[in-house]
Amino acid sequence: MWEMIVTELNRAMHEFAQAFARLLPRLLVLLIIALVGWILASVLKAILQSVLRLLKFDRLSENAGAAELLKKAALPTSTELLGRLVFWVTWLGVILVGVNALGIVELQDNVARFFLFLPRLFVALLLIFFGMLAASFFSRAALLTAVNSNFPSPRLLSYAIRVVIIILAISMAFEQLGLAENTILAAFSIVFGAMMLGLAIAFGLGGRHLARQFLERRFTDKKSQEKREDELSPL
Amino acid sequence: MADESILSDELIRQLIAVGEVDILVGLPTYNNAKTVAQVVQAVRGGLLKYFPRDRVAILNADGGSKDDSPMLVQAASISDARNSGPLQTLRTLHCISTRYAGSPSAGSALRTIVSAADLLQAKACAIVSPESDTISPDWIDTLLRPIYRENFDFVTPVYRRNRFEGMLVTNFLYPMTRALYGWRIREPYPTEFSFSYRFGNQTLNSDFWHQDPGQNSPELCLTMAAIGGGYRLYQAFLGPKARVEQAAADLVVAMRHTVGTLFWSLAQNSTSWKDTTEIHALPSTGAEYEVTTDSVRVNRKRLHQMFCSGVAELEPVLSSILAQQTLLELKRLCTVVDDQFHYSDELWVRTVYEFAASYHRAVISPDHIVQALVPLFRGRVYTFLMDNRESSESEIEQHIESLCQTFERLKPYLLELWATGQGGS
Numbered sequence: 014m015w016e017m018i019v020t021e022l023n024r025a026m027h028e029f030a031q032a033f034a035r036l037l038p039r040l041l042v043l044l045i046i047a048l049v050g051w052i053l054a055s056v057l058k059a060i061l062q063s064v065l066r067l068l069k070f071d072r073l074s075e076n077a078g079a080a081e082l083l084k085k086a087a088l089p090t091s092t093e094l095l096g097r098l099v100f101w102v103t104w105l106g107v108i109l110v111g112v113n114a115l116g117i118v119e120l121q122d123n124v125a126r127f128f129l130f131l132p133r134l135f136v137a138l139l140l141i142f143f144g145m146l147a148a149s150f151f152s153r154a155a156l157l158t159a160v161n162s163n164f165p166s167p168r169l170l171s172y173a174i175r176v177v178i179i180i181l182a183i184s185m186a187f188e189q190l191g192l193a194e195n196t197i198l199a200a201f202s203i204v205f206g207a208m209m210l211g212l213a214i215a216f217g218l219g220g221r222h223l224a225r226q227f228l229e230r231r232f233t234d235k236k237s238q239e240k241r242e243d244e245l246s247p248l
Numbered sequence: 017m018a019d020e021s022i023l024s025d026e027l028i029r030q031l032i033a034v035g036e037v038d039i040l041v042g043l044p045t046y047n048n049a050k051t052v053a054q055v056v057q058a059v060r061g062g063l064l065k066y067f068p069r070d071r072v073a074i075l076n077a078d079g080g081s082k083d084d085s086p087m088l089v090q091a092a093s094i095s096d097a098r099n100s101g102p103l104q105t106l107r108t109l110h111c112i113s114t115r116y117a118g119s120p121s122a123g124s125a126l127r128t129i130v131s132a133a134d135l136l137q138a139k140a141c142a143i144v145s146p147e148s149d150t151i152s153p154d155w156i157d158t159l160l161r162p163i164y165r166e167n168f169d170f171v172t173p174v175y176r177r178n179r180f181e182g183m184l185v186t187n188f189l190y191p192m193t194r195a196l197y198g199w200r201i202r203e204p205y206p207t208e209f210s211f212s213y214r215f216g217n218q219t220l221n222s223d224f225w226h227q228d229p230g231q232n233s234p235e236l237c238l239t240m241a242a243i244g245g246g247y248r249l250y251q252a253f254l255g256p257k258a259r260v261e262q263a264a265a266d267l268v269v270a271m272r273h274t275v276g277t278l279f280w281s282l283a284q285n286s287t288s289w290k291d292t293t294e295i296h297a298l299p300s301t302g303a304e305y306e307v308t309t310d311s312v313r314v315n316r317k318r319l320h321q322m323f324c325s326g327v328a329e330l331e332p333v334l335s336s337i338l339a340q341q342t343l344l345e346l347k348r349l350c351t352v353v354d355d356q357f358h359y360s361d362e363l364w365v366r367t368v369y370e371f372a373a374s375y376h377r378a379v380i381s382p383d384h385i386v387q388a389l390v391p392l393f394r395g396r397v398y399t400f401l402m403d404n405r406e407s408s409e410s411e412i413e414q415h416i417e418s419l420c421q422t423f424e425r426l427k428p429y430l431l432e433l434w435a436t437g438q439g440g441s
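Heads up: the sequence lines are chains H and Z, in that order.
Heads up: the first sequence begins at 14 in the working numbering, then just goes up one per residue.
Heads up: the second sequence begins at 17 in the working numbering, then just goes up one per residue.
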């Protein structure tokens, strides 16, 4: 009996030693791959940050309003943030490639899924960034036009345009990621529809005289009969 | 070799039929039926009276008018020839109308005329606005003689204006151009001007024709090219400036064409303006300035209100353009009652220079920078109106001269902003 136990233990120990001996080189390979990945990720991060600095990306994100948001969230500058993102995505990607070397089938599936997800993540991030850039540009354009036309509540108009564009960009990004697609679509439709309805009611009730004047000016020759408020020619 | 691709085959055929000319008068039109016939008759009168022995031609570059402007140009030149009485030319006075390619733009029209002048080897070419209903035949002689007889390269006009007309010129374009480039050009954005063959030929290949400033305000680009290229400049007094009806919204467009183009040109000509220290007077004919003091109707209260609301509403935009101190002073101005409101020369010049530096650094979209200056310019207009309510012609000129000197005195500030990239807070 005792002999059997010892034999089994020896066999188990032997098998464990064999398995460990088989795994050890793979673990070493994983460690080497991780080290190479770390170096590669650091180099990529440095290159990206240099390029972004050359392109004055921080100024671009300032214009887009992204810098302000990052500041409020106590996050680093957009150049640093993108650098870190590239570093971690690269390193993680390389480590996962290394994990493949371990030969664990379940892990290999997850690794493949992660790599399929990466392009979508990048597209989603780009959508949000360019959405913020567009929101900043168009809201500022609306603000300036409204101010120079003496339009009432220019900031409200500008803010509304900014919010709508950001919501649109975020919903597109979520759709790209495949996260809560139906919920986001429904939420966007409700918010956008509510805003348009609100504007229509507000304009219909509060601005019907304005609308009438506008239409009269547009479709009759009343414009030429109007007294001009400023008679000065700037040029 | 000049780029002639802008000229259509049909136009080239017509120009070849005309042959070489001594003088070309260019008339860019786009829906100017109201005034163009009168302008053509004056041009023709001027050519017959002052250049009867020379080979002359009129070229109308039209942007696709829907009111038959080109036909009116042709009709006016024929009817005038019949009724010209004692005025007879010894040669055929050609009048060509052409529809240039693309959408209507001042740049395409002028480039067509400059290209045609180059092809025709015209020694002198004058550009006349189709809206200048105050034009007389003498204008043609005044514009062309310095080029044709005295070998000048570029002639800019001086007009008689109402004291409150053209405030974008008197409060911005003239003083800033003068301070930066060192030439006392009263109308850097002329509607009438003339140039030599040499100038036209060398300017044809300039890059600005292909850029927005060259399309929207080629007149200012040509003036800048004349200054920057070291050409022989001349200034000629023409007479009363035609009054073009302007709506309030046109101020934004006018500022895009003037402020935007001048700011843009600073980066193009930075070597030229940075080293300029002396101010030169131009050789000239007639008065250097002339203003009338007729009263004009203007809503001053609205100007003041639009300045204050502009500063308040645009604060986030202005803070990225202006220095903190300048913005603080503007905000303080909004708190004073309108009869004590005074947008001083110094503050206005600092504002303009900070805007120019921000335009150069592209802190935000260039067009947005120009638009953000509009309410501030309204404040400056308000102050100019209040300061000169009772002023005589010479007092108004003194005020403009004082503003010019402030622009000159503060030029080192612009150089500093330009070099250090400082500005918005």
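Virtual Cβ for every residue (Gly too), placed ideally from N, Cα, C.
Since the structure is predicted, the reported quantities are computational estimates derived from the model, not experimental observations.
For the beta strand (DSSP E) containing ILE74 of chain Z, list its first residue and its last residue.
Residues 72 to 78.
Just mark ASN161 of chain H as buried or exposed, buried being the case when its beta carbon has 16 or more other beta carbons within 10 Å.
Buried, since its Cβ has 16 or more Cβ neighbours within 10 Å.
Touch check for the stretch 366 to 383 of chain Z and the stretch 273 to 280 of chain Z: three-plus C-beta pairs under 8 Å?
Counting Cβ pairs under 8 Å, three or more are found: they touch.
Taking only beta-carbon positions, decide if PHE150 of chain H is within less than 8 Å of chain Z.
At least one chain Z Cβ lies under 8 Å of PHE150 of chain H.
For ILE201 of chain Z, which residues of its own chain have a beta-carbon under 8 Å away from its beta-carbon, when the five flanking residues on both sides are left out?
Excluding residues within five positions, the ones whose Cβ falls inside 8 Å are THR172, TYR190, THR193, ARG194, THR239, ILE243, LEU249, GLN251, LEU298.
Taking buried to mean at least 16 other C-beta atoms within 10 Å of its own C-beta, is ARG366 of chain Z buried or exposed?
Buried: at least 16 other Cβ atoms inside 10 Å.
Comparing the C-beta of HIS384 of chain Z with each C-beta of chain H, is any distance below 8 Å?
So, interface residue.
Report yes or no: do the stretch 326 to 338 of chain Z and the stretch 150 to 158 of chain H share at least 3 C-beta pairs separated by less than 8 Å?
Output reads yes: the stretch 150 to 158 of chain H touches the stretch 326 to 338 of chain Z.
What's the C-alpha gap between ASN48 of chain Z and THR150 of chain Z?
If I take the Cα positions, the gap works out to 14 Å.
Going by DSSP, name the residue or residues bridged to PHE170 of chain Z.
Partner(s): Z:PHE211, Z:LEU249.
Let's test the definition: count the other Cβ atoms within 10 Å of the Cβ of MET14 of chain H and tell me whether it reaches 16, buried, or not, exposed.
With fewer than 16 other Cβ atoms within 10 Å, it is exposed.
Contact defined as beta carbons within less than 8 Å: I believe PHE142 of chain H pairs with ALA80 of chain H. What is the distance between those atoms, to the nearest angstrom?
So it is not a contact: roughly 12 Å between Cβ atoms.
Since PRO153 of chain Z and ALA58 of chain Z should fall inside the 8 Å C-beta cutoff, what is the C-beta to C-beta distance between them, to a whole number of angstroms?
Right, the Cβ-Cβ distance comes to about 5 Å (below 8 Å), so this counts as a contact.
Could you pull out every unbroken beta strand (DSSP E) segment of at least 3 residues lying fully inside the stretch 114 to 199 of chain Z, listed in chain order?
Counting only runs of 3 or more, we get 140 to 143, 170 to 178.
Quick one: which chain Z residues come within Cβ less than 7 Å of ARG168 of chain H?
Residues of chain Z passing the Cβ test: GLU329.
From which residue to which residue does the beta strand (DSSP E) around LEU43 of chain Z run?
Counting along the chain, the beta strand (DSSP E) containing LEU43 of chain Z begins and ends at 39 to 45.
Going along the chain, which residues of its own chain have a beta-carbon closer than 7 Å to the beta-carbon of SER113 of chain Z, five neighbours each way excluded?
Cβ within range, chain order: ASN76, ASP78, PRO86, VAL89, GLN90.
Report back the beta-carbon spacing between LEU245 of chain H and THR274 of chain Z to the nearest angstrom; my notes put them in contact at under 8 Å.
At roughly 15 Å, the Cβ-Cβ gap does not stay under 8 Å, so LEU245 of chain H and THR274 of chain Z are not in contact.
Using a Cβ-Cβ cutoff of less than 7 Å, which residues in the same chain neighbour GLU370 of chain Z once the five nearest sequence positions on both sides are dropped?
So the qualifying residues of the chain are ILE337, LEU338, ALA339, THR342, LEU433, GLY439.
Note down, in chain order, every chain Z residue with its Cβ under 8 Å from the Cβ of ALA155 of chain H.
Under the 8 Å cutoff, chain Z gives no residues; its nearest Cβ is about 11 Å from ALA155 of chain H.
May I ask you to list the residues that DSSP assigns as paired with THR301 of chain Z?
Answer by DSSP bridge pairing, in chain order: Z:ALA252.
Against chain Z, with Cβ distances strictly below 8 Å, would ASN161 of chain H count as a contact?
For ASN161 of chain H, the answer is yes, since a Cβ of chain Z falls inside 8 Å of its Cβ.
Within the 8 Å Cβ cut-off, does LEU245 of chain H reach chain Z?
Yes, because at least one Cβ of chain Z sits closer than 8 Å to the Cβ of LEU245 of chain H.
Can you list the residues of chain B that PHE180 of chain Z reaches, using a CB-CB cut of under 8 Å?
The chain inventory of the structure shown lacks chain B, comprising the protein chains H and Z.
What residues in the stretch 347 to 381 of chain Z have a beta carbon less than 7 Å from any beta carbon of chain H?
Listed in sequence order: ILE380, SER381.
One question on the structure: do VAL260 of chain Z and LEU136 of chain Z come within less than 8 Å of each other, judged by their Cβ atoms?
No, Cβ-Cβ distance for VAL260 of chain Z and LEU136 of chain Z is not below 8 Å.
Which residues bound the alpha helix (DSSP H) around THR158 of chain H?
Start and end: 118 to 161.
State the Cα-Cα distance for the pair GLU294 of chain Z and LEU431 of chain Z, rounded to the nearest angstrom.
Taking the straight line joining both Cα atoms gives about 16 Å.
State buried or exposed for SER418 of chain Z, treating a residue as buried only when at least 16 other CB atoms are found within 10 Å of its CB.
Under this definition SER418 of chain Z is an exposed residue.
Can you list the residues of chain H that ALA388 of chain Z reaches, using a CB-CB cut of under 8 Å?
Simply LEU157.
Tell me whether THR196 of chain H sits in a helix, a strand or coil according to DSSP, three-state version.
THR196 of chain H: helix per DSSP, three-state reduction.
For chain H, find out if any of its Cβ atoms is closer than 8 Å to the Cβ of MET183 of chain Z; answer yes or no.
Chain H contact via Cβ: present.
Assign VAL333 of chain Z to one of two classes, buried (16 or more other C-beta atoms within 10 Å of its C-beta) or exposed (fewer than that).
Buried, because 16 or more other Cβ atoms sit within 10 Å of the Cβ of VAL333 of chain Z.
Under a Cβ-count criterion, where at least 16 other Cβ atoms within 10 Å of its own Cβ denotes burial, should GLU75 of chain H be classed as buried or exposed?
So GLU75 of chain H counts as buried.
Do you know offhand how far ASP228 of chain Z's Cα is from ASN113 of chain H's?
C-alpha separation (whole angstroms): 56 Å.
If the cut-off is 7 Å on Cβ atoms, which residues from the stretch 123 to 134 of chain Z count as contacting chain H, listed in chain order?
Answer set for the stretch 123 to 134 of chain Z: empty.
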